[in-house]
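1061 is the number of the first residue of the sequence shown in the numbering used here; add one for each residue after it. We treat Cβ as the ideally placed atom computed from N, Cα and C, and that holds for glycine. Structure record follows, encoded as structure tokens.
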Amino acid sequence: MFTGIVEELGTVETLEDQGDAVRLTLRAPHVIADARLGDSISVNGCCLTVAERDGETFTADVMRETLDKTSLGALEPGTRVNLERAVTASSRLGGHIVQGHVDGTGTVVRREPSEHWELVEVSLPDGLSRYLVDKGSITVDGISLTVVSVGRESFTVSLIPETLARTTLGFKQPGDPVNLEVDVIAKYVERLLTHDKDPA
1061 MFTGIVEELG TVETLEDQGD AVRLTLRAPH VIADARLGDS ISVNGCCLTV
1111 AERDGETFTA DVMRETLDKT SLGALEPGTR VNLERAVTAS SRLGGHIVQG
1161 HVDGTGTVVR REPSEHWELV EVSLPDGLSR YLVDKGSITV DGISLTVVSV
1211 GRESFTVSLI PETLARTTLG FKQPGDPVNL EVDVIAKYVE RLLTHDKDPA
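The following block contains the structure:
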């Protein structure tokens, strides 16, 4: 489990195509400093497992299913990524409950700069808008953000200078893909309310 508070901007070092998977190596001196083999690290909002570590880099195996359903399939050497280590029982929950299980991908639609913050609009895949509410939480590329407004096909978030400086949303441009994870509590509420209507 994660909180959506990005700890480090890492860099893709190499991608080794294995047909049905990719071995992804990332330079991440901060998050790898105390990581062990088998630990979970969120990479642009996708929960990946540390398979190897070497100095300031770590390697994770990314299955074809993940590559096809997230923006990780578009990574290439040199790409910057948001990184967060899994939360511990003694950690502060600075964002919201994030599982690292991507619900879909959207794209940056527009950016509207202001003097002290920036409004960013992101497109929504079919079926995800029902989980969003104004002032609710959403995870964009692993970043816990507060929703400003929700439409049927997109939503907006306001980004403070700290978020712009410390995450990939500081340089994502219209048309760039982003991973989205909606609030898991909303999904559980929906399941509870519709359970008796399900045939299973």
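Neighbourhood of L1224 by C-beta, 8 Å cutoff - its chain only, sequence neighbours within 5 removed: For the purposes of this step, residue 1224 is taken as residue 164 along the sequence shown, with counting starting at 1. Same-chain partners within the cutoff: E1178 and G1230.
Residue from V1217, T1071, G1202 and K1129 with nearest C-alpha to R1145: Residue numbering aside, residue 1145 sits at position 85 when the sequence shown is read from its first letter. The shortest C-alpha separation from R1145 is found at G1202.
Contact check, T1063 vs S1204, beta carbons under 9 Å: Here residue 1063 corresponds to residue number 3 of the sequence shown, with the count starting at 1. Here residue 1204 corresponds to residue number 144 of the sequence shown, with the count starting at 1. Going by C-beta atoms, T1063 is nearer than 9 Å to S1204.
Burial state of S1150 (16 or more Cβ within 10 Å): The residue labelled residue 1150 in the question sits at position 90 within the sequence shown. Its Cβ having fewer than 16 others within 10 Å, S1150 is exposed.
Nearest-angstrom beta carbon gap, T1109 and A1120 [assumed within contact, 8 Å]: For the purposes of this step, residue 1120 is taken as the residue at position 60 of the sequence shown. For the purposes of this step, residue 1109 is taken as the residue at position 49 of the sequence shown. The Cβ separation is near 6 Å, so the contact holds.
Span separating the alpha-carbon of E1172 from that of V1180: Here the question's residue 1172 lines up with position 112 in the sequence shown. Here the question's residue 1180 lines up with position 120 in the sequence shown. E1172 and V1180: Cα-Cα distance of roughly 6 Å.
Spatial distance of L1069 from V1122 (CA atoms): Within the sequence shown, residue 1069 is the residue found at index 9, counting from 1. Within the sequence shown, residue 1122 is the residue found at index 62, counting from 1. Approximately 19 Å, taken between the alpha carbons.
Best match in V1242, E1067 and D1256 for proximity to H1156 [C-alpha to C-alpha]: Translated into positions along the sequence shown, residue 1156 becomes position 96. Looking at the Cα atoms, V1242 is the closest of the given residues.
Spatial distance of S1183 from E1073 (CA atoms): What you label residue 1183 is simply residue 123 of the sequence shown in a count that begins at 1. What you label residue 1073 is simply residue 13 of the sequence shown in a count that begins at 1. C-alpha separation (whole angstroms): 29 Å.
Per-residue burial, Y1191 [other beta carbons within 10 Å of its own, 16 or more giving buried]: Translated into the one-based positions of the sequence shown, residue 1191 becomes position 131. Label assigned to Y1191: buried.
Stretch pair the segment 1162–1172 + the segment 1082–1099: three plus CB contacts closer than 8 Å: no
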